[in-house]
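Presented below is the structure to which this report refers.
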Amino acid sequence: MLKIAIYGLGTVGQGVIKILRTMDLEVEIAAVFDRSRQKKQAILQGIFATDNVETVLKRDDIDLHIELLGGIELPLYIVRSAIDKGKNVITANKALLAEHGYTLFNLASRTNSKIGFEASIAGAIPVIRNLETVFRGQKITRLEGILNGTTNYILTRMRQESKPYTEILSDAQNLGLAEADPTLDVSGMDATHKLAILSSLILNEWIDYRRIQTRGIEQIELNDILYAQKMGYRIRLVGQCEVRDGLKHVILEPMMISSRHFLWDIEMENNAVSLETEFAGPHLFVGKGAGQNPTAWSVISDIQRQLTPNLPNFAEKPWQYGIPDDAGNIQSPFYVRALVKDEPGVLAKIAGIFARHKISIATVHQDNPHNASQSDGKTADLIIVTHTAKRSELLKSVEEITSLDEVSAPPVFISVIEPEN
17 MLKIAIYGLG
27 TVGQGVIKIL
37 RTMDLEVEIA
47 AVFDRSRQKK
57 QAILQGIFAT
67 DNVETVLKRD
77 DIDLHIELLG
87 GIELPLYIVR
97 SAIDKGKNVI
107 TANKALLAEH
117 GYTLFNLASR
127 TNSKIGFEAS
137 IAGAIPVIRN
147 LETVFRGQKI
157 TRLEGILNGT
167 TNYILTRMRQ
177 ESKPYTEILS
187 DAQNLGLAEA
197 DPTLDVSGMD
207 ATHKLAILSS
217 LILNEWIDYR
227 RIQTRGIEQI
237 ELNDILYAQK
247 MGYRIRLVGQ
257 CEVRDGLKHV
267 ILEPMMISSR
277 HFLWDIEMEN
287 NAVSLETEFA
297 GPHLFVGKGA
307 GQNPTAWSVI
317 SDIQRQLTPN
327 LPNFAEKPWQ
337 YGIPDDAGNI
347 QSPFYVRALV
357 KDEPGVLAKI
367 AGIFARHKIS
377 IATVHQDNPH
387 NASQSDGKTA
397 DLIIVTHTAK
407 RSELLKSVEE
417 ITSLDEVSAP
427 PVFISVIEPE
437 N
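Right, dumping it as structure tokens:
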């Protein structure tokens, strides 16, 4: 009988208990830590519960410690304490792993502990399990995906309803699909935490999330959504990790995708991860990226793996830090939108800047801003799509364009990605 301790009876913790009660597993919930346990007797139904974390941690009879609290400080203490004792752990805490995964995995390799973390990334999508087992030993040459349901929901509804970012964000908060403080999601940092973990696994070296080029969706306006739609594209917040020509690039930012791209149909709060493998070819994983049951089921799947001896685990070996190569070397076409004074010569100045940086313009379009407050007849949206260009040169161009007197605000730029096959 596998004895487990659960730390945290929030949405996911309660979901784990509910699902376990429907299953015939050799698992006993031996203890629960929760500071508001008195209010949760209906779900506990006689399970031992305490608000003293040491009471649970010091018990030698517990085989598996499951951290579902959120935050950093206390979860780190719990996970580290359990690993120090040679116990196995499960966590759904991507921020914990992004911040301290290097230390925890190296500690676990010394104490022969296993770390289950399927629930930390993309809800019920079994990408970690497949990386540990099915694709073990293969090189993963490319990972691409949507790793945050909140931002995908916002971008989807902005396009479907032609409503601005602030209005859709407010709706998402009212529906419980966005936090009261949505910064972690909309800045891209939540997705970057996940991308850092996934990139570490496929590159076989630990990637610090702070080294990943990250941009969120705060600067995406309805104008950009509608212009993208006119051109046959959709905007997604996309994470990429690619190994090519000896370089490893890791980046997360809004990107424009065409109807031929696998992310085209990934709508609302759904997540998706695509892996390009050395021998097995491409694989796509799609599913709910959050919610009680999807995330709880990922925890359950990690519990089930504990019942099977000698399964591989990413905590088996020591880890070394890796450094992604400069994202400025990435090449793609780019969409650039600048709010400019509607007067002669502006396009020529901007085209000249691009030319100096050896960037070729594919298409140019000028339109009145969709934002009524900007439609004063004196300004216009200038939309430029470039041919494939080096990111570093595009950034230099945008900086120069921003400094022009005729440009009212820093231009929005979005890379355009097309499937290679």
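Here the sequence shown stands for residues 17 to 437, where the numbers follow the numbering used here. Don't be surprised by glycine CBs; every beta carbon is placed ideally from N, CA and C. Small disclaimer: the values here were computed from a predicted structure and weren't measured.
For residue i, which residues of its own chain have a beta-carbon under 6 Å away from its beta-carbon, when the five flanking residues on both sides are left out?
i: Glu434; result: Ser274
i: Leu171; result: Ile251
i: His299; result: Leu291
i: Ile35; result: Ala312, Ile316
i: His381; result: Ile399
i: Lys56; result: Leu25
i: Val32; result: Ala312, Val315
i: Glu258; result: Arg158, His265
i: Asp383; result: Asp397
i: Val254; result: Met271
i: Leu73; result: Ser97
i: Lys333; result: Ser125
Who are the Cβ neighbours of residue i in its own chain at under 7 Å, not counting the five residues just before and after it?
i: Asn128; result: Gly102
i: Gly262; result: none
i: Gly338; result: Leu219, Glu221, Trp222, Ile223
i: Leu85; result: Tyr23, Gly24, Pro91
i: Ala114; result: His209, Ala212, Ile213, Tyr225
i: Ala367; result: Ile377
Assign residue i to one of three DSSP states: helix, strand, or coil.
i: Ala227; result: Note on identity: in this sequence residue 227 is Arg, with Ala being the wrong assignment. DSSP places Arg227 in helix when its eight states are reduced to three.
i: Lys210; result: helix
i: Leu398; result: strand
i: Glu45; result: Before going on, a small fix: residue 45 reads as Ile here, not Glu. Here Ile45 sits in strand by DSSP.
i: His381; result: strand
i: Asn345; result: helix
i: Trp222; result: strand
i: Glu283; result: coil
i: Ile33; result: helix
i: Glu134; result: helix
i: Pro298; result: strand
i: Asn122; result: helix
i: Ala388; result: Residue confidence is low: Ala388 scores 47 on pLDDT, short of 50, so the model does not pin down where it sits. Its coordinate-derived value is still stated next. Reduced to three states, the DSSP call for Ala388 is helix.
i: Met174; result: helix
Examine the ligand NAD and report whether any of its heavy atoms sits within less than 7 Å of the Cβ of residue i.
i: Met247; result: Judged by which ligands are present, the structure shown has none, so any question about the ligand NAD falls away.
Taking 8 Å as the cut-off, decide whether the C-beta atoms of residue i and residue j are in contact.
i: Ile88; j: Ile213; result: no
i: Leu25; j: Ile78; result: no
i: Met284; j: Tyr169; result: yes
i: Lys365; j: Leu411; result: no
i: Thr208; j: Leu268; result: yes
i: Leu211; j: Val266; result: yes
i: Glu416; j: Ile369; result: yes
i: Leu323; j: Glu148; result: no
i: Gln229; j: Ala343; result: yes
i: Gln154; j: Ala371; result: no
i: Ala108; j: Val48; result: no
i: Val423; j: Val401; result: no
i: Arg51; j: Asp40; result: no
With a CB to CB cut of under 8 Å and the five nearest residues on each side skipped, what residues in its chain are close to residue i?
i: Ile11; result: Residue 11 lies beyond the residue range present for the chain, which begins at 17 and ends at 437; the question has no answer from this structure.
i: Arg145; result: Glu134, Ser317, Arg321
i: Ala46; result: Lys19, Ile20, Ala21, Phe64, Arg75, Asp77, Ile78
i: Ala140; result: Gly303, Lys304, Asn309, Pro310, Thr311, Trp313, Ser314
i: Glu177; result: Ile184
i: Gly179; result: The sequence given here places Lys at residue 179; Gly does not occur at that position. Cβ within range, chain order: Arg173, Leu238.
i: Gln336; result: Glu221, Trp222
Compute the beta-carbon to beta-carbon distance between residue i and residue j, rounded to the nearest angstrom, for a pair I have assumed lies under 8 Å.
i: Leu80; j: Val95; result: No, Leu80 and Val95 are not in contact; Cβ-Cβ is about 12 Å, not under 8 Å.
* With contact counted as at least three CB pairs below 8 Å, one residue from each stretch, are the region 276 to 291 and the region 159 to 169 in contact? -> Yes: at least three Cβ pairs fall under 8 Å.
* Would you call the region 339 to 354 and the region 407 to 421 in contact, with 3 or more CB pairs under 8 Å? -> Contact between the region 339 to 354 and the region 407 to 421 is present, because at least three Cβ pairs lie under 8 Å.
* To do: Taking 8 Å as the threshold, find out whether the region 193 to 209 comes into contact with the region 308 to 317 through three or more Cβ pairs.
  => Touching, no.
* To do: Determine, using beta-carbon pairs with one atom in the region 215 to 230 and one in the region 239 to 249, whether at least three such pairs fall under 8 Å.
  => Touching, no, given that fewer than three Cβ pairs across the two stretches are closer than 8 Å.
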